[in-house]
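What follows is a single structure, written as structure tokens, with notes after it.
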Amino acid sequence: MKRVEGKLAVGNSGMFALALALTVAALSPPAQAKAETRNIPQYSGSITFSPEGVLFVGDNIGSAVFAYRTDPSQADPRDKEVKPFEIDQIDSAIARAIKAKASELQVNDMAVHPITHEVYISISKLSGGKVTPVVVKISATGKITTVDLNAEDRTEYKIKDSPTPNQHFIQRAWMVPDAEKYREKAETSMRSMTIVDMKFHNGELYIAGISNEEFASTLRRVPYPFTGEVSTIHVKIYHTSHAQYETRAPIRAMTFADVDGKDTLVAAYTCSPVVLIPVDELKDGAKVEGRVVGDMGNGQPISMVNINYNGIPTIFVTNGAHSPRYIPVSDLQNAQVYTPENSPHHMQLDTSPPYPLGAVGKAVFFWGASMRADLLNEKFLISLTRDTQSGDLNLESLPIFPLPIKLDQVWSEYDFKGVKQPGEK
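Count along the sequence shown from 1, then add 11; that gives the number in the numbering used here.
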């Protein structure tokens, strides 16, 4: 597993593969879904919150989701003022706080507490041949503390239809890198995609990922508090840029919006369709077809965040291969749905004339690469950003309006004396 010394890795599948290999002997077959538990997470992956501040931690190795009640009264009072803040080299700061090296850590996800506005980050720590799940919370003052993943009142939902540890992907190749990297990718357990994204919505936890079935793309609706009840839905889409129906690759990022008068799940997939599914279609046992209303281009979505852009309901979408996008929810209303009949019949690339396609909003100016993003407050986003010049991983607040940018590293005509600034008379 190749690492960059001194830099905290983000989303390295090699870390998961190692964690799974180290723990697979201890894994038992997925058990009946349950709530009260003596288990603890073996992996801290996707995280999200309920509006009341319950923290959900996805454990792909154990095929489970753990729920932790947080105590907002224990937060630093200054956090509740929700002022923008920035912590440079957050990777090094986290490493110091948990007595580790930055090179031993991998960031898996980030979420903001809806009441205290503390930033929670899920991490895998590799040390001494052991992978340890860690969740830290970060205050606006820069204080970093760990979440007790062994809290006595934790509850657990066990996923019964996850892939087994020995189910793997096929090996394919591209011009770069060398074949060994693709072999390592193919050896990643499919269990690593049991939970890809989670969102809490109207009393239920929505879990996007895959199952052990051939029709693998799966969306699970789990009521909270956990009772063992689950609605399992298999989702297929017509992937416009791949020119084929797809039933295996999962939703990568999702959120919810009111579209065409219906409560609607808005999802994004790799290479990168935007998909709508009315919530009332997401019933247990259903095989649904998501409505593809646009394609952002080749790449892999990371985060989808509901924001208010100058009074306009909007979705902020980050992507591992593109600048973030602002998608006005109004663009999704009565949007054209792409099908085999009105789409190209061969694979499309970013260089293809129609792309980006459909209701995908606008790419926005963003300095660096956002690894994870969430809503800090009504005026600011919070982003784990890889800096363009230094390569550092920084935790930074960014304005929603007019653009999610900082200007401390961007030089233009406006930085010279004698130039009128925008809006100046």
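All C-beta atoms, glycine included, are put in the ideal place defined by N, C-alpha and C.
Under DSSP, residue 215 shares a beta bridge with 212, 234. Counting only residues of its own chain and dropping the five nearest sequence neighbours on each side, residue 354 has a CB closer than 8 Å to the CB of 249, 251, 254. For residue 265, the beta-bridge partners assigned by DSSP are 278. Of all alpha-carbon atoms in 196, 181, 127, 270, the one lying nearest the alpha-carbon of residue 81 is that of 127. Ranking 339, 182, 141, 338 by CA distance to the CA of residue 198 puts 182 first. Residue environment for residue 333: buried (at least 16 other C-beta atoms within 10 angstroms of its C-beta). With 16 or more neighbouring CB atoms inside 10 Å of its own CB, residue 137 falls in the buried class.
Rounded to whole angstroms, residue 63 and residue 235 show a C-alpha spacing of 12 Å. Secondary structure of residue 182 (DSSP, three-state): coil. For residue 65, the closest alpha carbon among the candidates 72, 95, 166 is that of 166. For the pair residue 369 and residue 347, the Cα-to-Cα distance works out to about 7 Å. Annotation for residue 302: the continuous beta strand (DSSP E) segment containing it runs 302 to 306. One alpha carbon belongs to residue 135, the other to residue 268, and they sit about 32 Å apart. Residue 106 and residue 117 have their C-alpha atoms spaced approximately 11 Å apart. With a beta-carbon spacing of about 15 Å, residue 261 and residue 314 fall beyond the 8 Å limit used to define contacts.
Spatial neighbours of residue 424 in its own chain (CB-CB distance under 8 Å, excluding positions within 5 residues in sequence) are listed in chain order as 430. Taking residue 169 as reference, the option from 139, 277, 163, 232 with the minimal CA-CA separation is 232. Excluding the 5 residues flanking it on each side, residue 379 has same chain C-beta neighbours closer than 6 Å at 396, 397, 398, 399, in chain order. Taken through DSSP and simplified to helix, strand or coil, residue 193 comes out as helix.
Unbroken alpha helix (DSSP H) runs of no fewer than 4 residues, entirely contained in the segment 94 to 159, are found at 101 to 108, following chain order. In the DSSP annotation of this structure, residue 295 is not part of any alpha helix (DSSP H), being labelled neither H nor E.
Counting along the chain, the unbroken beta strand (DSSP E) around residue 76 starts and ends at 75 to 80. Contact check for residue 298 and residue 247: beta-carbon distance about 7 Å, within the 8 Å limit, so the pair qualifies. Look at residue 366 here: in three-state DSSP terms it is coil, with no helix or strand label.
Judged by beta-carbon spacing, residue 131 lies beyond the 7 Å limit of residue 154, meaning their Cβ atoms are not closer than that value.
Counted as a single uninterrupted DSSP element, the beta strand (DSSP E) harbouring residue 314 occupies residues 312 to 320.
Here the segment 379 to 394 makes contact with the segment 313 to 331; the two share three or more CB pairs at distances below 8 Å.
One thing to note: residue 303 has its Cβ within 7 Å of the Cβ of residue 284. The shortest C-alpha to C-alpha distance from residue 374 to any of 408, 200, 296, 325 is the one to 325. Taking residue 317 as reference, the option from 194, 264, 196 with the minimal CA-CA separation is 264. Per DSSP, the continuous beta strand (DSSP E) segment holding residue 246 begins and ends at 242 to 250. Taking the Cα of residue 362 as reference, the smallest distance to any Cα among 388, 308, 173 is reached at 308. Ranked by Cα distance from residue 98, the options 408, 421, 414 are led by 408. Between residue 58 and residue 133, the gap from beta carbon to beta carbon is short of 7 Å. Straight through space, the alpha carbons of residue 245 and residue 84 are spaced by roughly 40 Å. Annotated three-state conformation of residue 188 is coil, per DSSP.
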